[in-house]
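K.L.:
Once you've had a glance at the structure underneath, I'll fire off some questions.
Numbering (the working numbering), first residue to last: 11 to 192.
Here it is in structure tokens:
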């Protein structure tokens, strides 16, 4: 049933007359959009986590040559970068559990935005953690009093990914609110 709040328009008609039938191709695109949200959540957060881990790991390895006693202490940025990937995994599993074949378009679009929310926030957070972690562990090797400052900056970089996770969880909770639109 097509309503005024949820019309389906014919693309072949120049006057945009509402129609009530949906082709098979249009119906199959709806779960694909939701699946892309699942993919975006895990892929972008893992890109950010991988970059942050690699960049901070290079800093840890370079400082370990001169100060091997600081390796365990300076591994914190590498661990914090890896946590970003967990945010994407959580959202990806939540979105994947709600996927079904006859998914409303609204739900699919909300799931896509859910994945993009956590994914892009995780990507930015991973980049920030990597840059701060690399410079921070190199600076800590030369001046140990910089360690607390580095940890505080890393926390502020990590919380960017957490903001994306919170928004994604809120959006995912609203994905099931769709009325049955064709």
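Each residue gets a CB set at the ideal place from its N, CA and C atoms; glycine is no exception.
Give the C-beta separation of residue 97 and residue 175 to the nearest angstrom, bearing in mind that I take them to be a contact with Cβ-Cβ under 8 Å.
P.N.:
As a first step, residue 97 must be located in the chain shown, where it is residue number 87. As a first step, residue 175 must be located in the chain shown, where it is residue number 165. The Cβ separation is near 4 Å, so the contact holds.
K.L.:
Is DSSP giving residue 103 helix, strand or coil here?
P.N.:
What you label residue 103 is simply residue 93 of the chain shown in a count that begins at 1. Correct three-state label for residue 103: helix.
K.L.:
Once the 5 residues before and after residue 81 are set aside, which same chain residues still bring their CB inside 7 Å of it?
P.N.:
Working through the chain shown from its first residue, we reach residue 81 at position 71. Within the same chain, residue 81 has close Cβ partners 70 and 74.
K.L.:
Residue 93 CB to nearest chain C CB: under 8 Å?
P.N.:
Here there is only one protein chain, and chain C is not present.
K.L.:
Mind the definition here: the stretch 104 to 117 touches the stretch 145 to 155 only if three or more C-beta pairs lie below 8 Å; say whether that holds.
P.N.:
Touching, no, given that fewer than three Cβ pairs across the two stretches are closer than 8 Å.
K.L.:
If contacts are defined as beta-carbon pairs under 8 Å, then residue 167 and residue 147 qualify, I think. What distance do you get, rounded to the angstrom?
P.N.:
Numbered from its first residue, the chain shown carries residue 167 at position 157. Numbered from its first residue, the chain shown carries residue 147 at position 137. Not confirmed; about 14 Å, so no contact.
K.L.:
Taking the beta carbon of residue 144 as the centre, do at least 16 other beta carbons fall within 10 Å, making it buried, or is it exposed?
P.N.:
By 1-based counting over the chain shown, the position of residue 144 is 134. Classification of residue 144: buried, given that the 10 Å Cβ count is 16 or more.
K.L.:
Could you work out which residue in 139, 187, 54 and 76 is closest to residue 99 when comparing CA atoms only?
P.N.:
Translated into the one-based positions of the chain shown, residue 99 becomes position 89. It is 54 whose Cα lies nearest to the Cα of residue 99.
K.L.:
Apart from the five residues just before and just after residue 52, which ones in its own chain have a Cβ nearer than 7 Å to its Cβ?
P.N.:
Taking the chain shown and counting its residues from 1, one reaches residue 52 at position 42. For residue 52, where only same-chain residues beyond five positions count, the Cβ hits under 7 Å are 98, 99 and 102.
K.L.:
The alpha helix (DSSP H) that contains residue 162, what's its start and end?
P.N.:
On the chain shown, position 152 is the one that residue 162 refers to. Segment 157 to 184, the alpha helix (DSSP H) holding residue 162.
K.L.:
Using three-state DSSP, classify residue 25 as helix, strand or coil.
P.N.:
Here residue 25 is taken as the residue at index 15 of the chain shown, counted from 1. Unreliable placement is indicated for residue 25, whose pLDDT of 49 sits below 50; the coordinate value is still reported in the next sentence. In the structure shown, residue 25 sits in coil (DSSP, three-state: anything other than H, G, I, E or B).
K.L.:
Please name the residue, chosen from 162, 126 and 42, that lies closest to residue 138 on a Cα-to-Cα basis.
P.N.:
By one-based count along the chain shown, residue 138 stands at place 128. The shortest Cα separation from residue 138 among 162, 126 and 42 belongs to 162.
K.L.:
Have a look at 85, 94, 46 and 87 and flag the residue whose alpha-carbon is nearest the alpha-carbon of residue 57.
P.N.:
Along the chain shown, read from residue 1 onward, the residue named residue 57 stands at position 47. Nearest C-alpha to residue 57: 94.
K.L.:
Nearest-angstrom Cα distance between residue 135 and residue 111?
P.N.:
As a first step, residue 135 must be located in the chain shown, where it is residue number 125. As a first step, residue 111 must be located in the chain shown, where it is residue number 101. Their backbone Cα atoms lie some 33 Å apart in a straight line.
K.L.:
Rounded to whole angstroms, what's the CA-CA distance from residue 180 to residue 128? Just pull it up for me.
P.N.:
Indexing the chain shown from 1 puts residue 180 at position 170. Indexing the chain shown from 1 puts residue 128 at position 118. For residue 180 and residue 128, the distance between alpha carbons rounds to 11 Å.
K.L.:
Can you say whether residue 202 is buried or exposed, counting buried as having 16 or more other CB atoms within 10 angstroms of its CB?
P.N.:
Look at the range of the chain in this structure, 11 to 192, and you will see that residue 202 is not part of it.
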